[in-house]
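*Asks:* Mind looking over this structure? Questions follow.
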Amino acid sequence: MDSKIQELILQLGKTHHLPEDAYACLIRGCSEESAAYAAQLAVPLRRQIYGTDVYVRGLIEISNICRNDCLYCGIRRSNHSCVRYRLSPQEILECCEEGYSLGFRTFVLQGGEDGFYTDALLCELLRTIKARFPDCAVTLSLGERDRESYERLFDAGADRYLLRHETADVYHYQKLHPPSMSFEHRMNCLQDLKEIGYQVGCGFMVGSPFQTPETLAKDLKFIETFRPAMCGIGPFVPHHATPFADYPQGSLELTLYLLSLIRLIAPDILLPATTALGTIHPMGREKGILAGANVVMPNLSPVSQRKKYELYDNKICTGEESAQCRSCLSSRMHSIGYEVVVSRGDQRKLSTSL
């Protein structure tokens, strides 16, 4: 490992910030040795705050109908081979009931930007979930909405909102999205969510088409300055029915390295070991935890619908029953010395945790 890279990683672990060009230098210096060294610093830092706890989020994929046409996404509007579905409020509540019995205390309602889910419908659903499961957190991941909508959903009981920024570089954003979508609007949505009071999650794909060390450096600088409660990153995995079908998938090594760097930037961040990691490597999620992650998101969606929520090819866990999926993840985490805990899994602020 180059001594300059080692010095920058050590500096990041001490100060939790670097200039943007230094982040680009770190990314260009990704190697087996630099990734191992970054993890060596990141894991003890995570353990100081979260111990060996791994938080589980019960993921409920409520709809694969989407008004957007993102070039990388398998449920994009233009994919006419996609078999569409949406869950009714009753079906969503049944998923929550099953999840609660299995020990889940956070439910993540994720879907495409489907106009069926109006504020009125979602607010009623949120109030019902909170009334039935008052010790649970509810996370929404339903894309871009206006500020008033976000406010109504927050007032109805939503605790968290996940909105991947995808890239913090405007020109890169334009290469990944159609002209109808706006980088500025995406960033404004994230700012609105934070100002309203949500625990906000952002994130990006590693190895997406046209990505460079400089664009990734902007992502790291954005995480440093925006200070999200959570950041979801995973390797880009192409989908056969998108314009990016023939682009190479993202690197496992670089994804793990970036997980460690993000932990060094924000020691108290909630950092998932994503399904996409498990898709490109059979031990991907375990490797993510060992690089500094502390969240996993097993699927509570009805098995009959899971294969239809295909953002990318070869997604894992589409055929497992929820109990099987939960048990499997618990065993996997235990095998590497970590424990899945029954908890809302809120962020523990650094200043009150050490």
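Everything in the sequence shown is counted per this note's numbering, starting at 2 for the first residue and increasing by one.
From the three backbone atoms N, C-alpha and C, an ideal C-beta is built for every residue, glycine too.
Here's a check: name, in chain order, each residue in its chain whose Cβ is nearer than 7 Å to the Cβ of residue 155, leaving out the five neighbours to either side.
*Replies:* One-based indexing of the sequence shown puts residue 155 at position 154. Correct list, in chain order: 197, 198, 199.
*Asks:* Mind checking whether residue 60 and residue 268 have CB atoms under 8 Å apart?
*Replies:* As a working note, residue 60 is residue 59 in the sequence shown. As a working note, residue 268 is residue 267 in the sequence shown. No, the Cβ-Cβ distance between residue 60 and residue 268 is not below 8 Å.
*Asks:* What number of angstroms, rounded off, separates the C-alpha of residue 35 from the C-alpha of residue 312?
*Replies:* Reading the sequence shown from its first residue, position 34 is the one you call residue 35. Reading the sequence shown from its first residue, position 311 is the one you call residue 312. Distance between the alpha carbons of residue 35 and residue 312 is about 31 Å.
*Asks:* Can you pull the DSSP bridge partners for residue 61?
*Replies:* Translated into positions along the sequence shown, residue 61 becomes position 60. Partner(s): 110.
*Asks:* What first and last residue would you give for the alpha helix (DSSP H) that runs through residue 255?
*Replies:* Working through the sequence shown from its first residue, we reach residue 255 at position 254. Unbroken alpha helix (DSSP H) run through residue 255: 253–266.
*Asks:* Do you know offhand how far residue 39's Cα is from residue 331's?
*Replies:* As a first step, residue 39 is located in the sequence shown; it is residue number 38 there, counting from the start. As a first step, residue 331 is located in the sequence shown; it is residue number 330 there, counting from the start. When rounded, the distance between both Cα atoms is 26 Å.
*Asks:* Hey, could you find the ends of the alpha helix (DSSP H) residue 206 is sitting in?
*Replies:* Along the sequence shown, read from residue 1 onward, the residue named residue 206 stands at position 205. Premise fails: residue 206 lies in the beta strand (DSSP E), 200–207, not in any alpha helix (DSSP H).
*Asks:* So what does DSSP say about residue 322, is it helix, strand or coil?
*Replies:* Start at 1 with the first residue of the sequence shown, and residue 322 comes out as number 321. Residue state, collapsed to three classes: coil.
*Asks:* I need the DSSP call for residue 299, collapsed to helix, strand or coil.
*Replies:* Position 298 of the sequence shown holds residue 299. The answer is coil: DSSP assigns residue 299 none of H, G, I, E or B.
*Asks:* What residues in its chain sit with their C-beta under 6 Å from that of residue 171, if we drop five residues either side in the sequence?
*Replies:* Taking the first residue of the sequence shown as 1, we reach residue 171 at position 170. If we look at residue 171 and ignore the five residues flanking it on each side, its Cβ neighbours are 184.
*Asks:* When you compare only the Cα positions, how much space is there between residue 307 and residue 19?
*Replies:* Walking along the sequence shown from the start, residue 307 turns up at place 306. Walking along the sequence shown from the start, residue 19 turns up at place 18. Cα to Cα, the separation comes out at about 41 Å.
*Asks:* Between the Cα of residue 263 and those of 86, 221, 279, spot the shortest distance and give me the residue it belongs to.
*Replies:* To locate residue 263, count along the sequence shown from 1; it is residue 262. Minimum Cα distance to residue 263 is reached at 221.
*Asks:* For residue 35, does the three-state DSSP call read helix, strand or coil?
*Replies:* Along the sequence shown, read from residue 1 onward, the residue named residue 35 stands at position 34. Helix at residue 35.
*Asks:* The beta strand (DSSP E) spanning residue 29 covers which residue range?
*Replies:* The residue given as residue 29 occupies position 28 in the sequence shown. Per DSSP, residue 29 belongs to no beta strand (DSSP E); it is in the alpha helix (DSSP H), 21–29.
*Asks:* In or out: residue 113 buried (at least 16 other Cβ within 10 Å) or exposed?
*Replies:* Taking the first residue of the sequence shown as position 1, residue 113 is located at position 112. Answer is buried; the Cβ neighbour count reaches 16.
*Asks:* For residue 16, count neighbouring C-beta atoms within 10 Å of its own C-beta (all shown protein chains included) and say buried if the count is 16 or more, exposed if not.
*Replies:* Along the sequence shown, one-based indexing puts residue 16 at 15. Exposed: under 16 other Cβ atoms inside 10 Å.
*Asks:* Rounded to a whole number of angstroms, what is the C-alpha to C-alpha distance between residue 67 and residue 12?
*Replies:* Looking up residue 67 in the sequence shown gives position 66. Looking up residue 12 in the sequence shown gives position 11. Taking the straight line joining both Cα atoms gives about 43 Å.
*Asks:* In the DSSP assignment, find the unbroken alpha helix (DSSP H) run with residue 235 in it and report its ends.
*Replies:* By one-based count along the sequence shown, residue 235 stands at place 234. Note, residue 235: premise wrong, no alpha helix (DSSP H); beta strand (DSSP E) at 231–236.
*Asks:* For residue 273, write down the residues that DSSP places opposite it in a beta bridge.
*Replies:* By 1-based counting over the sequence shown, the position of residue 273 is 272. Paired residues: 296.
*Asks:* Do residue 322 and residue 304 come within 8 Å of each other at the CB atom, strictly closer than that value?
*Replies:* The count along the sequence shown starts at 1 and reaches residue 304 at position 303. The count along the sequence shown starts at 1 and reaches residue 322 at position 321. Yes, these two residues count as a Cβ contact at 8 Å.
*Asks:* For residue 25, collect the residues of the same chain with a Cβ closer than 8 Å to its Cβ; drop the 5 residues on either side in sequence, then sort them by chain order.
*Replies:* As a position in the sequence shown, residue 25 is number 24, starting the count at 1. 214, 215, 217, 218.
*Asks:* Does the Cβ-Cβ distance between residue 202 and residue 233 come in under 8 Å?
*Replies:* By 1-based counting over the sequence shown, the position of residue 202 is 201. By 1-based counting over the sequence shown, the position of residue 233 is 232. Closer than 8 Å, so yes.
*Asks:* In the structure shown, what three-state DSSP assignment does residue 9 receive?
*Replies:* Numbered from its first residue, the sequence shown carries residue 9 at position 8. Correct three-state label for residue 9: helix.
*Asks:* Label residue 228 either buried or exposed according to how many other C-beta atoms from any shown protein chain fall within 10 Å of its C-beta, with 16 as the threshold for buried.
*Replies:* On the sequence shown, residue 228 is found 227 positions in, with the first residue counted as 1. It counts as exposed.
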